[in-house]
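Positions 1 to 298 (full-length UniProt numbering) are the ones given, in order, by the sequence shown. C-beta atoms are modelled at their ideal positions from N, C-alpha and C, and glycine is treated no differently.
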Amino acid sequence: MIIRLVASINWIFCGSYLRVNLRNGEEVAVKLESTKTEHPQLHHESELYRLLQGGTGIPHLEWFGVEGEYRAMIIDLLGPSLEDLFYYCNRRFTLKTTLMLADQMIGRVECMHSRGFLHRGMMPENFLMGLGRKANQVYIIDYALAMKYKDLQTHKHIPYRYEPLMVDGTPRYASVNTHLGVGNRRDDLESLGYVHMYFVRGSLPWQGLKGATKKQKYDKISEKKMLTPIEVVINYVFDWTILKKHPQLASGSRPRQRIPNSPVNLGSSIERAEKIPGTVSRNFGFRNSSSLNFSYDH
Numbered sequence: 001m002i003i004r005l006v007a008s009i010n011w012i013f014c015g016s017y018l019r020v021n022l023r024n025g026e027e028v029a030v031k032l033e034s035t036k037t038e039h040p041q042l043h044h045e046s047e048l049y050r051l052l053q054g055g056t057g058i059p060h061l062e063w064f065g066v067e068g069e070y071r072a073m074i075i076d077l078l079g080p081s082l083e084d085l086f087y088y089c090n091r092r093f094t095l096k097t098t099l100m101l102a103d104q105m106i107g108r109v110e111c112m113h114s115r116g117f118l119h120r121g122m123m124p125e126n127f128l129m130g131l132g133r134k135a136n137q138v139y140i141i142d143y144a145l146a147m148k149y150k151d152l153q154t155h156k157h158i159p160y161r162y163e164p165l166m167v168d169g170t171p172r173y174a175s176v177n178t179h180l181g182v183g184n185r186r187d188d189l190e191s192l193g194y195v196h197m198y199f200v201r202g203s204l205p206w207q208g209l210k211g212a213t214k215k216q217k218y219d220k221i222s223e224k225k226m227l228t229p230i231e232v233v234i235n236y237v238f239d240w241t242i243l244k245k246h247p248q249l250a251s252g253s254r255p256r257q258r259i260p261n262s263p264v265n266l267g268s269s270i271e272r273a274e275k276i277p278g279t280v281s282r283n284f285g286f287r288n289s290s291s292l293n294f295s296y297d298h
């Protein structure tokens, strides 16, 4: 099938994907998995892509199959991840940028939940911007850990089951319940909240914790999350000293600005939000992604 055309030319690693230039000039993303792997995931992930096709911000699944010693999945080539953009913005997004991204990110999670699936892998690396005419659209990828939370025929909720956080997973954004071995829709949203807090502040309170083993490290992160009161988490995001310096903001005398419902040009808006005097812009080199010229300091 398509994979046989990939015999050539440009193979560029993009995270866990290969960026492939086909002989017909089309560029796609190819994810490979050895047929000898002990715990295969790619077939499961390709099934999720198939079931989610048509949803906004869901990459198009071009093909899945086996070629030689590899399973291969071909999807649309996308632009930089939000972690890439975060890095080039000196590891800090403005509140405005974070809220604009959050609007789309919540929509992508809602799409998965409405189809009966949990993502269970919320992290900035799994949200990518589009290319070309869709350069301002956020996409959600990597469904290797995704699972059903309801029966797709009866629509009844599947009973909770204990499933400890995978040792090779990412605990930074995991919900408290996920650490305890039980996860559901609310836990995807809790994880997403941690991602947004990370964008606004540049780090999370439990980053940098060490452990002799991965399990010990994960246990420390879990304990830190459970011992952190919600007031502290909220205060960590919002600097309440602003109200002390500007009490008129809390007086209610100024009307709250309404966020328009009309479509927003995310690329240009992010560029304006992140542009800082004395900085230079850098393009990521992705084809047709010129609207994503984020700024970073020398």
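Tell me the residue span of the beta strand (DSSP E) that contains residue i.
i	result
residue 72	70 to 76
residue 67	61 to 67
residue 212	No beta strand (DSSP E) holds residue 212; DSSP gives it neither H nor E.
For residue i, count neighbouring Cβ atoms within 10 angstroms of its own Cβ and tell me buried if that reaches 16, exposed if not.
i	result
residue 225	buried
residue 108	buried
residue 50	exposed
residue 152	exposed
residue 265	Only weak support exists for where residue 265 lies, its pLDDT of 49 falling under 50; the value from the coordinates is given anyway. Flag for residue 265 reads exposed.
residue 88	buried
residue 227	exposed
residue 275	Because residue 275 carries a pLDDT of 46, less than 50, the predicted location of this residue cannot be relied on, and no value is offered for it.
residue 223	exposed
Keeping to the same chain, check which residues put their C-beta closer than 7 Å to that of residue i; ignore five residues upstream and five downstream.
i	result
residue 204	172, 194, 197, 198
residue 263	With a pLDDT of 42 at residue 263, under the threshold of 50, the modelled position of that residue is not reliable, and the figure given next carries that caveat. None.
residue 141	59, 126, 128
residue 158	148, 149, 150, 151
residue 191	122, 173, 174, 175
Going by beta carbon distance, what residues of the same chain come within less than 6 Å of residue i, once the five residues before and after it are set aside?
i	result
residue 259	Low per-residue confidence applies at residue 259: pLDDT is 39, beneath 50, and the placement is therefore not dependable enough to give any value.
residue 74	2, 28, 30, 62, 63
residue 121	142, 145
residue 221	171, 206, 209
residue 42	33, 71, 73
residue 93	199
residue 111	55
residue 38	none
residue 160	182
Return yes when the Cβ of residue j is within less than 7 Å of the Cβ of residue i, no when it is not.
i	j	result
residue 81	residue 145	no
residue 187	residue 177	yes
residue 79	residue 131	yes
residue 200	residue 85	no
residue 116	residue 148	yes
residue 143	residue 45	yes
residue 217	residue 208	no
residue 185	residue 113	yes
residue 334	residue 83	This structure leaves residue 334 out entirely; the chain is present only between 1 and 298.
residue 35	residue 67	no
Taking the alpha helix (DSSP H) that residue i falls in, what are its first and last residues?
i	result
residue 139	Unbroken run through residue 139 is the beta strand (DSSP E), 138 to 140; no alpha helix (DSSP H).
residue 99	95 to 114
residue 145	Per DSSP, residue 145 belongs to no alpha helix (DSSP H) and is neither H nor E.
residue 129	Residue 129 -> not in any alpha helix (DSSP H); beta strand (DSSP E) instead, spanning 127 to 129.
residue 187	185 to 201
What residues in its chain sit with their C-beta under 8 Å from that of residue i, if we drop five residues either side in the sequence?
i	result
residue 53	60, 61
residue 156	150
residue 26	none
residue 137	56, 57, 104, 129, 130, 266
So, does the CB of residue i fall closer than 7 Å to a CB anywhere in chain D?
i	result
residue 221	No chain D appears in the structure shown, which is made up of a single protein chain.
I'd like the ranges of any alpha helix (DSSP H) spanning at least 4 consecutive residues and lying wholly in the stretch 23 to 64. 42 to 52
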